[in-house]
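The structure appears right after this line, and notes come after that.
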């Protein structure tokens, strides 16, 4: 299985459209350098395990902001809106595993799905679990997750059995040690707010190169300006316009590290009409000038497929 960088394209509701693996074996593994590009807000039906191979990870998920250090990781439950970025100034390298529950649970009428997967996936009490190597069962989960990632990278004969076995053990550890709430439907208010923020994020991601205002963003979800501001504050913890600026800078960083177009064109394509403002904003966000950022990441770029080790609105 090829290890690659995951790109997040989404539909009109912010759901990620990237196909993780294929129907017969629904799993994919990725490596991301979050100093090159952050992972913007997104969600997917699949479960995700993210392991911090280097540096520190800052992740926002389930209404919380968490930092995970090297050697630790995080489990993200199905359909949880989340984003990831560098937790410190040093580069954060991330090993990610994104897989569908049916890889372990089989069909929804199986005992594995009914007894173990369904309670875990539907529990409102665990949108995510921070995995700490100093806690014995979590250390085991981290070791198994890295083994899964390495198995996918190596593709030794029969690795599919090993992958399914280690993921089964990880999910059983989570099932056994996490306090699962009774399965219940989220409130109408929570569902409505979740749907609205996903629609507005998708609108921003589709129109970030254009001039954007709060009324335009609010109109995309058919809500008032004040409700738009409240949704962003409660869900993402920032204002719509500040999020637009951050997303533009993230996209600019991606272009600077992967394309040969001029920095002026990068700024224009990402919605910055004044070069001086773009340069100042970029430096404030990344603590480096756009030109130095390009030099650093183009010169340090290395193949994504390693010999023994190498990510998901």
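Residue numbers (the working numbering): 1145 to 1457.
The beta carbon of each residue, even a glycine, is placed where N, CA and C say it ideally should be.
The three-state secondary structure of residue 1252, taken from DSSP, is coil. Note on the region 1192–1267: whole alpha helix (DSSP H) runs with a minimum of 4 residues are 1246–1249 and 1262–1265, in chain order. According to the DSSP assignment, residue 1186 belongs to the beta strand (DSSP E) that extends over 1183–1186. By the Cβ-count criterion, residue 1295 is buried, with 16 or more other Cβ atoms from all chains shown falling within 10 Å of its own Cβ. In summary, residue 1310 is buried, with 16 or more beta-carbon neighbours lying within 10 Å of its beta-carbon over all protein chains present. Every unbroken stretch of the alpha helix (DSSP H) spanning 4 or more residues and falling wholly within the region 1332–1404 is given here in chain order: 1332–1351, 1358–1364, 1369–1379 and 1384–1402. For residue 1300, the number of other beta carbons within 10 angstroms of its own is below 16, and it is reported as exposed. According to DSSP, residue 1275 shares a beta bridge with 1217. Within a 10 Å sphere around the beta-carbon of residue 1177 sit 16 or more other beta-carbons, which makes this residue buried.
Distance check between residue 1343 and each of 1366, 1333 and 1173 places 1366 closest, using alpha-carbon atoms only. With fewer than 16 other Cβ atoms inside 10 Å of its own Cβ, residue 1302 counts as exposed. In the three-state reduction of the DSSP assignment, residue 1169 falls in the strand class, which pools E and B. Boundaries of the alpha helix (DSSP H) around residue 1320: 1303–1321.
Excluding its 5 nearest sequence neighbours in each direction, residue 1315 has C-beta neighbours in its own chain below 6 Å: 1248, listed in chain order. Pairing residue 1191 with residue 1211 gives a Cβ-Cβ distance that is not under 8 Å. Put simply, the backbone Cα of residue 1270 is about 44 Å away from that of residue 1420. In this model, residue 1352 and residue 1234 are separated by some 28 Å (Cα to Cα). With a threshold of 16 other beta carbon atoms within 10 Å, residue 1415 meets it and is buried. Ranking 1404, 1174, 1392 and 1226 by CA distance to the CA of residue 1426 puts 1392 first. Counting C-beta pairs with one atom in each stretch, the region 1184–1199 and the region 1226–1246 have three or more that are closer than 8 Å, which means they touch.
Taking the Cβ atoms as the reference, residue 1307 lies roughly 19 Å from residue 1218, outside the contact range of under 8 Å. Take residue 1323, set aside five residues on each side of it, and the residues of its chain with a beta-carbon closer than 7 Å to its own are 1269, in chain order. The shortest CA-to-CA distance from residue 1334 to any of 1179, 1175 and 1206 is the one to 1206. For residue 1230, the CB contacts under 6 Å within the same chain, skipping 5 residues up- and downstream, are 1178, 1179 and 1236 in chain order.
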